[in-house]
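A quick write-up on the structure given underneath.
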Amino acid sequence: MQRMKLLVAASAMAGLLSVGAMAGNADLVKQGEKIFNTKKIGNCLACHAVNGKNINNPGNLGPKLQGLSAWPEQALFDKVYDPYTTNPISAMPPFGKNGVLNDEQIKAVVAYLKTIN
Amino acid sequence: MIGKIVTTSVAVLMGVTVLSAGSFNAQAEKDRQALVKYMEKKFADPEKSRAQFFPYATDEDVKTNLKKGVKFEDFRMGSYAFDKIGRGQYEEINEMPPYEDNIDAGEELYNNTKGIKKCFPDPAIAGEYPKFDDKKGKVVTLSLAINDCLKAAGQKPWKLTKGKMADLEAYFAAKSKEAGKKVDIKIQSKAAAAAYERGKKYYYSQRGYLKLSCATCHVQGSGNRVRKEVLSPLLGHTTHFPVYRLKWQGLGTLERRIKGCEKNQGENPHKPGSPWMSEMLYFMAYMSNGLPVDGPDIRR
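In the order they appear, the protein sequences are chains A and B. Numbering-wise, the first sequence is residues 0 to 116 according to numbering that gives the first Met the number 0. Numbering-wise, the second sequence is residues 0 to 299 according to numbering that gives the first Met the number 0.
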């Protein structure tokens, strides 16, 4: 039980617990999609095409995103927060670590990424 | 080559100081050759080397849009060296180059601005800058040299990014191109080599809140896309400036272009004319040594 609490605390700190619980999931997905596609916010499309979604002129410095629905949320969160944790030479910017996106925004992006098959 | 032989024999005649001039660029020359080799290999056959250089590119890009067998001289053209669609659009606009008036305006400035002709008796010098000025102990870009000259003649310096500066540089570039000049950057002292090394460090370090380096986009990234833009290579980056950009609806210097890229990187741009900018330009220009001067040019 104690351990469980710790886990809960840890994931709340990482800002993950509330995905889907806080706002309606559909809203969150929409919000995430907007961050993904807006130049002044996430601008993810500068480097990524997305499987099954209609993205306007995506770049390809990064891979076409696919199969992300199968990724654990934490792994997606970590990738966006700081890609160097899993890939020290990643060309992807550390959006969370460098304060480009806050935890709430990353949660929204993760909700969107989870819809990518 | 002949130039090299002549310099060497002069060096022998003049003794030690000049003799060692040849070796101060040893590291830079190694870097340059490695870059040329990398780019030639990358663009020899993009479809074949896809896994190594274009892991995330679309089939269309590697199979049809990216040109094969790009030659050394072609790299003076930026991304149009290998982006076939971009090249087509570029050639269309170039039938009526929008920078012709700027070259004329630059010639006017050359002939009628006090001091300029005296400082630059030969206008075909675009490929020789930036230079390292050993007396001042710093890198002098063409823009800074022009301003030094204006100041010496008692005139107000010009803005480094556009306007008169860009026009005069367009004239210098056109004259250099006409004369068949090549980029010829020299590193002839220990201090010059150190400035080059600092410029290289700036170019390869991750900066700005996005933690991107220039090299992420223009070395590894070259030939790949950010949004729909095909990224141009470091090799050849300084050969064709100033450029008339459709986005600017006007002409701009290399300094102006780099400010834009620093913003893309999520960084507050450095001041044009700052040692940071000048030393990075020194590094960038050295990388293009041996390529024909090809400015002014047009870009989207």
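Beta carbons are placed, not taken as given, at the ideal position from N, Cα and C, and that holds for glycine.
Beta carbon proximity, residue i to chain A, threshold 8 angstroms
i: tyrosine 208 of chain B; result: yes
i: leucine 211 of chain B; result: yes
i: asparagine 223 of chain B; result: yes
i: glycine 259 of chain B; result: no
i: lysine 163 of chain B; result: no
i: lysine 227 of chain B; result: yes
i: threonine 57 of chain B; result: yes
i: threonine 63 of chain B; result: no
i: glutamine 51 of chain B; result: no
i: glycine 220 of chain B; result: yes
i: threonine 160 of chain B; result: no
i: threonine 237 of chain B; result: no
i: cysteine 140 of chain B; result: Looking at the sequence shown, residue 140 of chain B is not cysteine but threonine. No, threonine 140 of chain B lies away from the interface with chain A (no Cβ there is under 8 angstroms from its Cβ).
i: proline 274 of chain B; result: no
i: serine 48 of chain B; result: no
i: threonine 215 of chain B; result: yes
Where residue i sits in the DSSP three-state scheme
i: methionine 228 of chain B; result: Here residue 228 of chain B is glutamate; the residue named in the question, methionine, does not match the sequence. Glutamate 228 of chain B falls in the strand class under three-state DSSP.
i: phenylalanine 131 of chain B; result: strand
i: lysine 66 of chain B; result: coil
i: valine 139 of chain B; result: strand
i: alanine 82 of chain A; result: Going by the sequence as given, residue 82 of chain A is proline instead of alanine. Looking at proline 82 of chain A - three-state DSSP - the assignment turns out to be helix.
i: lysine 38 of chain A; result: coil
i: aspartate 77 of chain A; result: helix
i: aspartate 44 of chain B; result: coil
i: valine 18 of chain A; result: Low local confidence applies: a pLDDT of 45 at valine 18 of chain A is under 50, so the model's placement there is unreliable, with the coordinate-based value given in what follows. Valine 18 of chain A: coil per DSSP, three-state reduction.
i: proline 291 of chain B; result: strand
i: lysine 199 of chain B; result: helix
i: lysine 181 of chain B; result: strand
i: lysine 113 of chain B; result: coil
i: tyrosine 170 of chain B; result: helix
i: methionine 76 of chain B; result: helix
i: glutamine 30 of chain A; result: helix
i: aspartate 147 of chain B; result: helix
i: methionine 283 of chain B; result: helix
i: lysine 189 of chain B; result: helix
i: histidine 236 of chain B; result: coil
i: glycine 222 of chain B; result: coil
i: aspartate 100 of chain B; result: helix
i: proline 93 of chain A; result: coil
i: lysine 113 of chain A; result: coil
i: glycine 23 of chain A; result: coil
i: tryptophan 70 of chain A; result: coil
i: alanine 152 of chain B; result: coil
Proximity test, Cβ basis, 8 angstroms: residue i and chain B
i: glutamate 103 of chain A; result: no
i: leucine 44 of chain A; result: yes
i: glycine 61 of chain A; result: yes
i: glycine 58 of chain A; result: yes
i: methionine 21 of chain A; result: Its pLDDT being 49, under 50, methionine 21 of chain A is placed unreliably by the model, and nothing is read from it.
According to DSSP, residues forming a beta bridge with residue i
i: tyrosine 243 of chain B; result: B/Leu250, B/Ile297
i: leucine 64 of chain A; result: A/Val49
i: arginine 206 of chain B; result: B/Leu211
i: aspartate 82 of chain B; result: B/Leu65
8 angstroms CB neighbourhood of residue i in its chain, flanking five on each side removed
i: glutamine 205 of chain B; result: Leu211, Ser212, Thr215
i: alanine 224 of chain B; result: A quick correction: the sequence has arginine, not alanine, at residue 224 of chain B. Correct list, in chain order: Ala56, Asp60, Leu230.
i: leucine 34 of chain B; result: Val218, Leu233, Leu234, Met286
i: glycine 66 of chain A; result: Asn50, Ile115, Asn116
i: threonine 160 of chain B; result: Gly251, Thr252, Glu254, Arg255, Lys258, Pro271
Residues near residue i by beta carbon distance below 7 angstroms, same chain, minus five either side
i: lysine 174 of chain B; result: Pro122, Ala123
i: lysine 181 of chain B; result: Gly126, Gly289, Leu290, Pro291, Val292
i: glycine 265 of chain B; result: Gly207, Tyr208, Leu209
i: valine 28 of chain A; result: Ala110, Tyr111, Thr114
i: asparagine 24 of chain A; result: Ala110
i: aspartate 183 of chain B; result: Gly126, Glu127, Asn288
Nonlocal neighbours in the same chain, by C-beta distance under 6 angstroms from residue i, ignoring five residues either side
i: lysine 199 of chain B; result: Phe282
i: arginine 299 of chain B; result: Leu245
i: leucine 149 of chain B; result: Pro156
i: phenylalanine 42 of chain B; result: Val69, Phe81
i: glutamate 46 of chain B; result: Val61, Lys62
i: glycine 105 of chain B; result: Asp166, Leu167, Ala169, Tyr170
i: aspartate 77 of chain A; result: Thr84
i: glutamate 278 of chain B; result: Val138, Ala194, Arg197, Gly198
i: cysteine 43 of chain A; result: Phe35
i: alanine 27 of chain B; result: Ile186, Tyr195, Tyr285
Using a Cβ-Cβ cutoff of 8 angstroms, what residues of the stretch 80-99 of chain A are near chain E? List them in chain order.
Absent from the structure is chain E; the protein chains it does hold are A and B.
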